[in-house]
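Residue numbers (our numbering): 4 to 100.
Structure first, commentary second.
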């Protein structure tokens, strides 16, 4: 599955949060060239590509190696929800994913 989110923080901030988020959930981090990272776990992988788009925001692209309701996919969606929660403190992360 593929998802994207338009963040308002720097790409480095997104990558650091992703590393912290996924490694605390038993994924191993492989920080790639530039603004790319791959997080692998026993049930699959999450690819993250962060790029500045339009000069106003950072586009966060997340792709998983699994289908929409798998464990890995739920972790990717939770990452995007928590990233949004960091940017907008009034936002309450909901959902069981």
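Every residue, glycine too, gets a C-beta built ideally from N, C-alpha and C.
All figures in this text were calculated on a predicted structure; none of them were measured in a lab.
- First and last residue of the uninterrupted beta strand (DSSP E) at residue 11: Premise fails: residue 11 is in no beta strand (DSSP E) and is neither H nor E.
- Query: What's the call for residue 26, buried or exposed, on a 16-neighbour Cβ count within 10 Å?
  - Reply: exposed
- Message: Short of 6 Å in beta carbon distance, which residues of its chain neighbour residue 50, apart from the five on each side in sequence? Order them along the chain.
- Response: 41 and 66
- Rounded separation between residue 7 and residue 94 - CA only: 18 Å
- Message: One question on the structure: do residue 54 and residue 62 come within less than 7 Å of each other, judged by their Cβ atoms?
- Response: yes
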